[in-house]
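One structure is given below, encoded as structure tokens.
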Amino acid sequence: MLYKQYKLDRFQEEAIQSIERGHSVIVAAPTGAGKTLIAEYALEKHLTSGKQIIYTAPIKALSNQKYRDFSKDYEDQIGIITGDVVINDNAPVLIMTTEILRNIIFDDISRLDHVNYVIFDEIHYIDDLERGTVWEECIIFAPQHINFICLSATIPNLREFTSWMQSVRHNKIDMVIETHRPVPLEHRLYFHGRGLGWLDELKSIQGNLDPVTNKRNRKAGKIQNYETQVEVQVADPQEIGITEINGIDIIEHLQINDQLPCLYFSFSRKSCEENALHNLDRNLLTHYESDLILNEYDQLCDKYGIKSDINALQLRKLISHGVAYHHAGMLPTLKEVVERLFTLGLIKLLFTTETFALGINMPACSVVFGNLAKYDGVQFRYLKAREYHQMAGRAGRRGIDPIGYVYAHVDIEYDNYQDVKRVVSGDIEKIESQFNLSYSSILNLYEKYGERIYDVCEKSLGNYQSIKTLRGINHSLEQIQEQKQRIDDLICIQDGNINRIWEYKNLENKLREEEQLLSEQKTLGKNNKKKRKKIGKISKRANNIISMIKSSKCHKCKNLKKCLLTANKTSDYDERIIELSERKKFIEEFQKNQIKNRLDLLTEIGYKDHKGLLPRGVIASQIYGYEIQVTELFFEGYFHRLDPDWINVLITAIVFESKRDCWYKMMDKSIISPIISDPIRKVKKIIEIENEFGIQPNLKELDTKLSFATYEWSRGCSFDELSNYTDTPPGDLVRYFRLASDLLRQMKRVVSVDDLLYYKINDCISRINRDVVDAEKQLRAG
């Protein structure tokens, strides 16, 4: 079958046939295999069908890229809705983030009446701890007439996932699996200062390390990422098959072997920039290519209005050599410039964080991992196999490269063979449910279903997986009970009282203790009246115990040893039964308790009662993200009382999370305290109530460290002038101002009947969502 002059692969044909039959379909295939083509087919099919189709992406950057890509071919038939952008929202093809789809399902489900298909790109994101619940909510609560096209990298428990979807959807769901990559990958390790090798060679090297001097840097199970000056005894590299490239670093190796362009993954923004600057002197481009890329770079920077930006000027020096970096701390427009140049093949070496690997279609010839461990916000840990393969999958350009090359830096004194093996060649982790409804979702569901909310939420993937787990627990309990019953029948106790044997054993232990005390008293100290009195008391206790032992039915019983053995087994089984029963109870009640605790809290703080939602609950149900904080500000009158600049300060304090390594110029307390103190106390009080109800995670506290910068930005200062108030990376500033704008947009929709407040909030948005913060302006620029 041909589509767009491409001969389709087997899995693409199967997926398209499912769409033609009107079925839902789940497609699992390696990164770079061509899953996007299936989505394009479905989009094109719906342009003339009179029905709508929605394409959802896990991140805004991917949504924006898909909007640009599809708009080139289909122009005004494509629309986009994210928290930052709304363009052509009645188009037959709508691109949006998964959160926006979830919001529509709860807020205005009739908008989906004419939607035939929803495409979930990167559906394995359902496993994401913070946001995975949104995918489950969409699948469970979307109207039943909607079919799904789910695109994913490899999912080991795909059959379980498909069965779950089938259990909550009424339509037919087909499963398509592809394991073959059109461009095979070659995975190798780079041993710093030694050369290239294979995984098994790491085992050989570490097998020859001096056991005295090779000390791994580990404390309390956490990875310590620092250098050590330790001399080690290792085998000759040639003896164990290592390709020596001493004196030539990995980048030079790629250049010599024509394996550029390269995506070099570093897991911190700082290392991305430092690594790029370290490679400033490389000449990866010809003079012609250098002139070409600089011309393109200048044009793009001029189009986005960032030509004079200090970061853009710094990056320009690197760009001229074919080197660049890409991370979330950069201006979104500058990231966009880098992405465009990489797509054109003009950037040969790009140092980037892992977000670049998520769906963005920018393959390279090779991929390098600067490290196989990363900081995940809590601790340093090794990559999951799924994370590694998601990034590694960017190597190998279809139709260009016969092989994609993947290299991982390994420190032989630090990286354990088993850990590296698990990352590079271990099994991909199963996807697990992260279902954990927000207050807003619970309020919406409670309004619709009342106390039946518990039954509705039993449709979650987590509950489906729990049922399977519970079957296993019940089976184990039955087996243990049978084994215990057989053992109980063997115990030689006249009246069947199992406790008698433990009482007898305890008496023997107590007697030994008394005898030990008696022996010590006889050998220690002077033989006086006090000592003799003490010995007499001990002897009396010992004689009483002896009498009790002799009167026991277990005394001198020929089956005593056998009974003790079987009694021990019985005790072990009892402990296992208690352990499994407690686990069973926890699993059975976990999800219900999650919902019940939140409902109880919402009752406690006045958002609902037994009849339905109260005014606070009605407002909170229409806001997605930070709904409790915003609702409290609204009912305390802050939106009515404050001017737009101070409203922006408060809203930004709700979304902002300060970093210890950043500097913030603080406002005079006498100015800001009267405005911010009460909201801070109010939120902290609700967090205390959350803790009383055992609710995790807690609400986010208000963070006022960016208040001075926010206030000045709202009053009209330039983006460059913000450096007078904070050294927060520009990309983070834009992100937080966009989050604040999104909250304000939601609030504007909620108060639309109040003209005065509506226009006031609109003024707030115009003050904060301007210049480089305005995502829609960036997207419309093309």
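Residue numbers (the numbering used here): 249 to 1030.
A virtual CB, placed ideally from N, CA and C, is assigned to each residue, including glycine.
Compute the distance between the beta-carbons of residue i and residue j, then report whether it is under 8 Å.
i: A524; j: Y573; result: yes
i: Y303; j: I343; result: yes
i: T581; j: Y552; result: yes
i: R645; j: P611; result: yes
i: L718; j: I825; result: no
i: L295; j: P340; result: yes
i: D324; j: N336; result: yes
i: G865; j: L691; result: yes
i: E587; j: F513; result: no
i: L542; j: S568; result: yes
i: K758; j: I793; result: yes
i: V1020; j: F956; result: no
i: K420; j: H637; result: no
i: H511; j: R642; result: One detail in the question is off: residue 511 reads as Leu in this sequence, not His. A contact, by the Cβ cut-off of 8 Å.
i: I899; j: L992; result: yes
Could you compute how far the alpha carbon of residue i sits from the alpha carbon of residue j?
i: E268; j: G942; result: 49 Å
i: D857; j: N939; result: 21 Å
i: Y662; j: F368; result: 39 Å
i: I403; j: E370; result: 11 Å
i: I352; j: S906; result: 31 Å
i: I934; j: Y973; result: 31 Å
i: N312; j: E823; result: 56 Å
i: T345; j: K840; result: 28 Å
i: K583; j: D376; result: 24 Å
i: Q666; j: E347; result: 38 Å
i: K451; j: K669; result: 10 Å
i: Q769; j: I783; result: 7 Å
i: D257; j: F590; result: 27 Å
i: L850; j: Q627; result: 33 Å
i: S673; j: P306; result: 26 Å
i: G860; j: S918; result: 42 Å
i: L762; j: A790; result: The question names Leu, but residue 762 in the sequence shown is Glu. Using only the alpha carbons, I get a separation of about 6 Å.
i: F354; j: L579; result: 33 Å
i: L738; j: K785; result: Because L738 sits at a pLDDT of 48, beneath the cut-off of 50, its placement in the model cannot be relied upon, and the following sentence gives the value as read from the coordinates. For L738 and K785, the distance between alpha carbons rounds to 40 Å.
i: Q260; j: F409; result: 20 Å
i: S686; j: R760; result: 60 Å
i: L250; j: K707; result: 39 Å
i: I728; j: L847; result: 38 Å
i: V357; j: A287; result: Looking at the sequence shown, residue 357 is not Val but Ile. C-alpha separation (whole angstroms): 23 Å.
i: E695; j: A290; result: 35 Å
i: K732; j: I721; result: 16 Å
i: I558; j: H657; result: 32 Å
i: E378; j: H393; result: 28 Å
i: W961; j: Y1007; result: 19 Å
i: S614; j: L508; result: 6 Å
i: S546; j: K555; result: Contrary to the premise, residue 546 reads as Asp rather than Ser in this sequence. Each residue's alpha carbon lies about 7 Å from the other.
Using beta carbons (cut-off 8 Å, strictly below), is residue i in contact with chain C?
i: Q503; result: Checking the listed chains, one finds no chain C in this structure; it contains a single protein chain.
Return the chain-ordered list of same chain residues with a C-beta closer than 8 Å to the C-beta of residue i, the five sequence neighbours on each side being excluded.
i: S787; result: L766
i: I701; result: I690, L693, Y694, I843, L847
i: E949; result: I928, V931, K932, I935
In chain order, what residues of the same chain lie with their CB nearer than 7 Å to the CB of residue i, ignoring the 5 residues before and after it?
i: I867; result: T879, F882, V998
i: V704; result: L693, Y697
i: N527; result: I499, V571, L597
i: Y712; result: W412, S415
i: S538; result: S568
i: W894; result: I923
What does residue i pair with, by DSSP beta-bridge criteria?
i: T600; result: F513, H574
i: M423; result: I274
i: R629; result: K622
i: G652; result: L433
i: I1035; result: Within the shown structure, residues of the chain are numbered from 249 to 1030, placing residue 1035 beyond reach of any answer.
i: S614; result: C510, Y653
i: G443; result: F439
i: I302; result: L342, V366
i: F396; result: V366
Roughly how far, in whole angstroms, is the beta-carbon of residue i from the beta-carbon of residue j, given that I think they are within contact range, below 8 Å?
i: Y315; j: L1027; result: 7 Å
i: S989; j: N1017; result: 4 Å
i: V671; j: Y630; result: 6 Å
Spatial neighbours of residue i within its chain, please: CB distance less than 6 Å, with the 5 preceding and 5 following residues excluded, ordered by chain position.
i: I329; result: D337, M344, I348
i: K930; result: E880
i: N395; result: S272, Y365, N419
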